[in-house]
Structure formats: C-alpha cells, structure tokens
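Enquirer: Residue numbers (the numbering used here): 19 to 286. The structure's right below; bear with me while I get my questions together.
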C-alpha cells in the first residue's frame, strides 16, 4: 500500500514542537485553543510532544506534571535523572517514535478493519476503559528491586492489587523489527503489524522505557497483557490476573517464541 506524502499544515503549537522552537511554545502555552487543537492525524500538541519525547516543550506545557519519581528499593524514590544515571536507561512515560514521519506511518498503516469493524472492537473498547492511564502515563504503586545475579532486577507490588488492576503501559522506542538485533535484546515487545503486511515494528525498551522493562518471566504469571487501539496507535499494557499481595514479584509469560533464542529461565 502506498501512502500519500502530501504536506499537511500543522497547528502552530504542533509546528513549534516539531521545530523545537521553544520561544514559540512559550508564547502559545496557556492558550487553551492552541493546546487543544488537533493536528491532521488527530493528536493534540501535548500528545505529539509525548510521542516524540520533546522534554523541553513538555516542561512548558505540563510543568511538573509529566515527570515521575520511581520507587527503587534501598534508594527511596528516584527522579527521572537519577533513574537514568543509575540504570543507564532513558525513562519514557509513553511510547517514543524516533521521528514524526514514523509516527505518521504507524497511524496510516493501522487498518480500517481495526479502526472501524468488529476485528478491532475489543482494542478500541480497552482504549476507552484505560484512556486516562495511557494519556497520563500512569504507573501503579510498584517498586524495582534487585533479586540476584541471575535474574537481576524485578518489579514488585508496593501495595495489594485486586484482579484486573491496571499496572502500566509497556513503553520503549518504536523501531523496525530486526531479527539479528532481536537475538541480543531481551527487552523487545512486538508492535501489532498492519493486516496483510510484512512491515513489522517493535517496542524496544533496552535503553528506553519505564518500570515495566523490569518485569520477569513466569509460567504461572500474575499479570496478563492487553492491546488497546486509539486513533491508529496500539498500546501494550499489563493488568493483574489475580489478587496480588504487597511485596509479591510481578511476572508475565514471555511466550514460547521468546525462549527459542534465549537460555531457559530459572522458575519464579
């Protein structure tokens, strides 16, 4: 399928974000009309800034509201800079697209069958159920803990969780699927592909991500994954599948395909 390369006029605030024109962002910030104006693929300026990880613009548009403090055992709470220095991982509250063209292509390549028919009905419904969580980059009350030299770190419940509790979206950078690269990367999650297409993408949390990159594998997991669809963007996320007491390690099943090229894990 060939997609149009036609140039589309962007709302002024979106264009300022794309151009990294911080002075223009400052001038338009606080203008409710400008901040709420949707661009031609259906997203607000703040959403575009989040998808492209435009931190300078976010500091102006969402002062103090988009940054996180991350629980790490024996380190109290880390701010994002401390987390990044400690783990050598760029913290992402949302999916990150490497550039605006990749974001556009991902939206355009989402089949209308997913957007408008029963084929995508559950995914669209999930985006309404968890819409706030996706937009805000919500993370449940969890804590990163060191386990041992074999497993490394894991993610643990910092409070009791009831069944079907939203934990978090799996974040990372959207990149083309590279089988050779995949063999040496344990932090990949497949991004849903367009129907009748071989253009695979993946969510790579090796060097960019949030707390979910620390979730370990189990054949008896206490989390299940879901996929939601909103305006052409797919979101992979975790919810609990049972009651989970505080202090319990959170796990999900990586699937048989993952272990084809990996050493079999120690049971958790």
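Beta carbons: idealized from backbone N, C-alpha and C, even for Gly.
Can you tell me which of the three DSSP states residue 53 falls into?
Expert: As a position in the chain shown, residue 53 is number 35, starting the count at 1. In the structure shown, residue 53 sits in a helix (DSSP, three-state: H, G or I).
Enquirer: Quick check: the Cα distance between residue 234 and residue 91, rounded to an integer number of angstroms?
Expert: As a position in the chain shown, residue 234 is number 216, starting the count at 1. As a position in the chain shown, residue 91 is number 73, starting the count at 1. Using only the alpha carbons, I get a separation of about 17 Å.
Enquirer: Whole-angstrom Cβ separation of residue 267 and residue 172, contact assumed at under 8 Å?
Expert: As a first step, residue 267 is located in the chain shown; it is residue number 249 there, counting from the start. As a first step, residue 172 is located in the chain shown; it is residue number 154 there, counting from the start. Yes, they are in contact, since the Cβ atoms of residue 267 and residue 172 sit about 5 Å apart, within 8 Å.
Enquirer: Could you give the DSSP three-state label for residue 248: helix, strand or coil?
Expert: Indexing the chain shown from 1 puts residue 248 at position 230. Here residue 248 sits in strand by DSSP.
Enquirer: What residues in its chain sit with their C-beta under 8 Å from that of residue 248, if we drop five residues either side in the sequence?
Expert: Here residue 248 is taken as the residue at index 230 of the chain shown, counted from 1. So the qualifying residues of the chain are 142, 145, 149 and 152.
Enquirer: Go through the region 132-167 residue by residue and report every complete run of the alpha helix (DSSP H) that reaches 4 residues or more, in order.
Expert: 139-147 and 149-154, all fully within the region 132-167.
Enquirer: Exposed or buried, which one is residue 72 when buried takes at least 16 other CB atoms within 10 Å?
Expert: Sequence index remark: in the chain shown, residue 72 carries index 54 (1-based). Burial call: buried.
Enquirer: If you run the structure through DSSP and keep just helix, strand and coil, what is residue 19?
Expert: Counting from 1 along the chain shown, the entry for residue 19 is found at position 1. Unreliable placement is indicated for residue 19, whose pLDDT of 44 sits below 50; no coordinate value is reported for it.
Enquirer: Going residue by residue through the region 23-84, where are the continuous alpha helix (DSSP H) segments of at least 4 residues, counting only ones entirely within it?
Expert: If we require 4 residues or more, the alpha helix (DSSP H) runs fully inside the region 23-84 come out as 30-36, 40-46, 50-54, 63-69 and 73-79.
Enquirer: CB residue 207 to CB residue 254, shorter than 7 Å?
Expert: Looking up residue 207 in the chain shown gives position 189. Looking up residue 254 in the chain shown gives position 236. Going by C-beta atoms, residue 207 is nearer than 7 Å to residue 254.
Enquirer: Quick one, are the C-beta atoms of residue 81 and residue 35 less than 7 Å apart?
Expert: As a working mapping, residue 81 is identified with position 63 in the chain shown. As a working mapping, residue 35 is identified with position 17 in the chain shown. Not a contact, by the Cβ cut-off of 7 Å.
Enquirer: Is it the case that the Cβ atoms of residue 242 and residue 181 are separated by a distance below 7 Å?
Expert: Against the chain shown, residue 242 aligns to sequence position 224. Against the chain shown, residue 181 aligns to sequence position 163. Cβ distance not < 7 Å, so residue 242 and residue 181 don't count as in contact.
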